[in-house]
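*Asks:* Following numbering that gives the first Met the number 0, the numbering of the sequence shown begins with 0 at its first residue and continues without gaps.
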Amino acid sequence: MLSLRSREFVEAIRALGGSVMRVVLRHVLPNVLSSIVVVATLELARSIVLE
């Protein structure tokens, strides 16, 4: 997520007056959603194995 903060599309929306919440919901979240799903799946599997 920190690397996305310096990407051109994020800087452009901020320069045009976009709020932080809009940047996160509209531009950053879709880019990190796949990573979140993978980590959540692995954590779920790990918790089942540890049970």
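Note that beta-carbon positions come from the ideal geometry of N, C-alpha and C, so glycine has one too.
Computed from a predicted model, the values in this text were never measured in an experiment.
Who are the Cβ neighbours of V9 in its own chain at under 8 Å, not counting the five residues just before and after it?
*Replies:* L3, V22, H26, V27
*Asks:* Starting from E50, trace the alpha helix (DSSP H) both ways and give me its first and last residue.
*Replies:* Premise fails: E50 is in no alpha helix (DSSP H) and is neither H nor E.
*Asks:* Give the secondary structure of S18 by DSSP, where H, G and I count as helix, E and B as strand, and everything else as coil.
*Replies:* coil
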